[in-house]
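Peer 1: For reference, the structure I am asking about is given below.
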Amino acid sequence: MNGAESLIRTVAAAGVDVCFANPGTTEMHLVQALDDAGAIRPVLALFEGVCTAAADGYARMAGRPAMTLLHLGPGMANGLANLHNAGRGGTPVLSVVGDHAIAHRGQGAPLESDIEGLARPVSKWLRTSAAPGAVARDGAEAIAAASSAPGGVATLIVPADCAWGEAPDGPVAPVAAEPRATVDDDTVERAAAFLRGAEERPATLLLGGDALTERGLRAAGRVAHATGARLLAETFPTRVERGGDIPFAARLPYFPEEATAALAEGSVALLAGAVEPVAFFGYPDLPSALVPAGMPVAALAGPADDAADALERLAAAVGASDAGAHATPAVAGAAAVDTDAPLTLETAPHVIAAGQPENAIIVDEGVTFSAFYVPASAAAPRHTYLALTGGAIGFGIPAAAGAAVACPDRPVIAVQADGSGMYTAQALWTHAREGLDVTTLICANGTYEILLAELARAGVDDPSPRARSLTSLGDPPLDWVALAGSMGVPGRRATTAGELRAALADAIAEPGPHLVEMVIR
Ligand SMILES: Cc1ncc(C[n+]2csc(CCOP(=O)(O)OP(=O)(O)O)c2C)c(N)n1
């Protein structure tokens with residue numbers, strides 16, 4: 008058996024069942040080994056950023072890593088932005104990168120580069136295999152590192168001769184990952200006392216990570232019921248269960264003034280699975296920290312901790328009943344929208360929220376649209392929601408592919424801004440090729456709208472023609488229906504609420520990929 012076969016059999020035995028790949032010459036033995044082992048589904052993506060976001064979306068839903076297979080430094084560099092997002096989200100990814108044979112390094116071959124140097128900033132674990140017989144063990148350790156709490160990206164660089172050379176010992180057994188840490192009793196007691204001490208105004212429970220699972224949210228709801236605390240969720244969570252009878256946690260707003268005002272409604276802040284929040288960007292005269300100055304902050308559980316368990320024990324410590332009682336502010340349902348109403352930020356999110364089916368997976372890269380969609384869908388049927396964790400756009404369409412591969416029985420809806428969608432639009436081809444049940448809803452506003460908002464915040468209300476040219480996508484206009492059609496995804500354009508309602512219903516009713524271009528005014 009060669010090194011490539013020993014690696015692929017090792018990772019398959021460790022539970023990896025899909026590989027999002029864009030290979031080249033240095034990966035040919037790995038490609039062949041994928042075929043021989045048979046246990047891993049190979050999924051071709053037409054750009055490495057598609058591979059890496061698909062692996063992120065897959066792992067968020069499957070709870071275990073997918074493998075990506077990328078071609079030397081330049082191929083991996085094309086996938087870095089979405090590896091960044093996965094790392095920021097604590098999502099496990101096994102990133103396998105081929106390299107030149109060891110004897111061929113240092114000769115100045117065109118694709119030679121410092122792969123480790125490129126991979127290091129996004130990798131929590133990084134190794135270059137030294138010999139064919141080492142590759143299997145390296146792979147097992149990489150999976151354990153990626154899967155250990157908090158999850159992240161493990162990069163294994165495999166020189167071509169380590170793949171083609173003899174590995175006489177064959178595959179190795181899986182290596183155990185470090186689970187989430189259990190929060191100690193003292194910390195739970197201190198948190199209970201902290202909440203009891205917050206008497207004048209309610210405390211805020213800021214939820215992230217594991218606290219946003221169904222179990223975590225139900226426990227947090229019971230704590231809120233017993234203590235009067237209010238629930239806030241971090242702004243861009245990796246994964247949240249929402250809708251139906253799940254206790255509702257409002258989202259911490261994006262802009263720093265609004266986020267600080269939301270936190271100021273509480274008297275103290277208790278962190279559960281979240282870190283102390285900081286502003287997305289720095290601005291003149293605004294602090295980085297979002298918690299108002301002087302407000303007491305305590306941590307029940309960090310992102311690597313078992314926050315759901317800690318919240319259940321906190322609920323017991325504050326005397327919450329086990330009856331499932333939870334406090335949830337009255338959440339408005341989706342508003343009724345007239346059939347002829349044009350699609351705007353006020354109407355379209357409500358049409359989607361009213362039309363999304365039970366048990367949907369929502370992949371949200373709506374950017375400005377998201378701020379309207381998230382509250383509009385608070386009372387939608389039960390769904391799982393995935394956000395852009397690391398702020399690097401080009402995540403949504405490929406992440407939806409990965410989520411659909413992980414959960415073939417659940418409908419996936421990508422709420423997708425047009426500018427961000429153009430970074431990795433070729434993921435639509437993967438939707439079609441793999442027959443994935445993904446409905447991509449393009450928020451077609453024809454601009455980088457958020458950048459216009461940021462220009463306005465910088466005091467530029469009337470941007471110069473050159474500044475405008477850097478924020479407009481309108482000349483020439485993008486034709487998403489034609490773009491989708493060219494990649495095998497049937498598309499429709501919707502300009503009114505009625506058209507969107509019908510297009511969404513048809514897309515949901517028919518299995519396979521669809522795209523709706525929502526023309527937003
Ligand atoms: C990889 C990367 N490149 C650039 C940016 C900067 N950026 C943030 S939002 C944005 C454009 C957003 O436009 P669009 O996706 O159409 O959403 P809209 O603002 O119109 O809602 C850009 C270029 C980024 N965040 N990530």
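Positions in the sequence shown are counted from 1; adding 7 to them yields my numbering.
C-beta: ideal position from N, C-alpha, C; glycine also.
List, from N- to C-terminal side, the beta strand (DSSP E) runs of 3 residues or more that fit wholly inside the region 44-94.
Peer 2: Complete beta strand (DSSP E) runs here, min 3: 48-51 and 73-78.
Peer 1: Which residue marks the beginning of the alpha helix (DSSP H) containing Arg127, and which one marks its end?
Peer 2: Numbered from 1 along the sequence shown, position 120 holds the residue referred to as residue 127. Element bounds for Arg127: n/a, residue is neither H nor E.
Peer 1: To the nearest angstrom, how far is it from the Cα of Thr503 to the Cα of Asp347?
Peer 2: Numbered from its first residue, the sequence shown carries residue 503 at position 496. Numbered from its first residue, the sequence shown carries residue 347 at position 340. Cα to Cα, Thr503 sits roughly 6 Å from Asp347.
Peer 1: Once the 5 residues before and after Ala355 are set aside, which same chain residues still bring their CB inside 7 Å of it?
Peer 2: In the sequence shown, residue 355 corresponds to position 348, counting from 1. Only Leu507, Met525 and Ile527 meet the Cβ criterion.
Peer 1: What residue range is occupied by the uninterrupted alpha helix (DSSP H) comprising Ser102?
Peer 2: As a working mapping, residue 102 is identified with position 95 in the sequence shown. Unbroken run through Ser102 is the beta strand (DSSP E), Val100 to Asp106; no alpha helix (DSSP H).
Peer 1: With three or more beta-carbon pairs closer than 8 Å as the criterion, would you say the region 213-224 touches the region 355-372?
Peer 2: Short answer: they don't touch.
Peer 1: Is DSSP giving Pro166 helix, strand or coil here?
Peer 2: Counted from its first residue, the sequence shown places residue 166 at position 159. Correct three-state label for Pro166: strand.
Peer 1: Do the region 68-87 and the region 116-126 make contact, defined as three or more Cβ pairs closer than 8 Å?
Peer 2: Yes, the region 68-87 touches the region 116-126.
Peer 1: Return helix, strand or coil for Pro472, following the three-state DSSP convention.
Peer 2: For the purposes of this step, residue 472 is taken as the residue at position 465 of the sequence shown. Note: Pro472 maps to helix in three-state DSSP.
Peer 1: Can you tell me which of the three DSSP states Arg499 falls into?
Peer 2: For this step, residue 499 is matched to residue 492 along the sequence shown. Arg499 falls in the strand class under three-state DSSP.
Peer 1: Just to confirm my understanding: we take Val182, look at its own chain, exclude 5 residues before and 5 after, and list those with CB closer than 6 Å. What are they?
Peer 2: Along the sequence shown, one-based indexing puts residue 182 at 175. Excluding residues within five positions, the ones whose Cβ falls inside 6 Å are Ala147, Glu148 and Ala151.
Peer 1: Quick one: give me the first and last residue of the alpha helix (DSSP H) that Val195 is part of.
Peer 2: As a first step, residue 195 is located in the sequence shown; it is residue number 188 there, counting from the start. That run of the alpha helix (DSSP H) goes Asp192 to Gly204.
Peer 1: Does the Cβ of Gly273 have 16 or more other Cβ atoms within 10 Å, making it buried, or fewer, making it exposed?
Peer 2: Position 266 of the sequence shown holds residue 273. Answer is buried; the Cβ neighbour count reaches 16.
Peer 1: May I ask you to list the residues that DSSP assigns as paired with Asp312?
Peer 2: Your numbering for residue 312 matches position 305 in the sequence shown. Looking at the DSSP assignment, Asp312 forms a beta bridge with Ala188.
Peer 1: Quick one, which of Leu435, Pro310, Ile449 and Arg417 has its alpha-carbon nearest Ser377's?
Peer 2: Within the sequence shown, residue 377 is the residue found at index 370, counting from 1. Residue Ile449 is the option with its Cα nearest to Ser377.
Peer 1: If you count every other CB in all the chains shown that lies within 10 Å of the CB of Pro157, and 16 or more means buried, which is it?
Peer 2: Working through the sequence shown from its first residue, we reach residue 157 at position 150. With 16 or more Cβ atoms within 10 Å of its Cβ, Pro157 is classed as buried.
Peer 1: State the Cα-Cα distance for the pair Leu212 and Gly453, rounded to the nearest angstrom.
Peer 2: The count along the sequence shown starts at 1 and reaches residue 212 at position 205. The count along the sequence shown starts at 1 and reaches residue 453 at position 446. Distance between the alpha carbons of Leu212 and Gly453: 38 Å.
Peer 1: From the DSSP output, read off the bridge partner residues of Arg258.
Peer 2: Locating residue 258 in the sequence shown gives position 251, counting from the first residue. According to DSSP, Arg258 bridges with Ala240.
Peer 1: Which residues bound the beta strand (DSSP E) around Tyr380?
Peer 2: Position 373 of the sequence shown, counted from the start, is the residue given in the question as residue 380. Run containing Tyr380: none in the beta strand (DSSP E); it sits in the alpha helix (DSSP H), Ser377 to Ala383.
Peer 1: Is Phe376 near ligand 1 - that is, is its Cβ less than 7 Å away from at least one heavy atom of it?
Peer 2: Taking the first residue of the sequence shown as position 1, residue 376 is located at position 369. The answer is yes for Phe376.
Peer 1: Mind reading off the beta-carbon distance from Leu307 to Leu259? Whole number of angstroms is fine, and I expect it under 8 Å.
Peer 2: As a first step, residue 307 is located in the sequence shown; it is residue number 300 there, counting from the start. As a first step, residue 259 is located in the sequence shown; it is residue number 252 there, counting from the start. Contact flag wrong, Cβ pair sits at about 17 Å.
Peer 1: Taking the alpha carbon of Gly442 as the reference point, which residue from Gly326, Gly340, Ala110 and Gly495 has its own alpha carbon closest?
Peer 2: Reading the sequence shown from its first residue, position 435 is the one you call residue 442. Out of Gly326, Gly340, Ala110 and Gly495, Gly495 has the C-alpha closest to the C-alpha of Gly442.
Peer 1: Using DSSP's beta-bridge definition, name the partner residues of Val338.
Peer 2: Here residue 338 corresponds to residue number 331 of the sequence shown, with the count starting at 1. Answer is none; Val338 lacks a bridge partner.
Peer 1: Count the other C-beta atoms from every protein chain shown that fall within 10 angstroms of the C-beta of Gln363, then say buried if there are 16 or more, exposed otherwise.
Peer 2: The sequence position of residue 363 within the sequence shown is 356, counting from 1. By the 10 Å Cβ count, Gln363 comes out buried.
Peer 1: Kindly examine ligand 1 and report whether one of its heavy atoms sits closer than 7 Å to the Cβ of Ser479.
Peer 2: What you label residue 479 is simply residue 472 of the sequence shown in a count that begins at 1. Incorrect: Ser479 has no Cβ contact closer than 7 Å to ligand 1.
Peer 1: With a threshold of 7 Å (Cβ to nearest heavy atom), would Ser427 be considered close to ligand 1?
Peer 2: For the purposes of this step, residue 427 is taken as residue 420 along the sequence shown, with counting starting at 1. At least one heavy atom of ligand 1 is nearer than 7 Å to the Cβ of Ser427, so yes.
Peer 1: Taking just the CA atoms, how far does Glu34 sit from Glu264?
Peer 2: Within the sequence shown, the letter at position 257 stands for residue 264. Within the sequence shown, the letter at position 27 stands for residue 34. Rounded to whole angstroms, Glu264 to Glu34 spans 49 Å at the Cα level.
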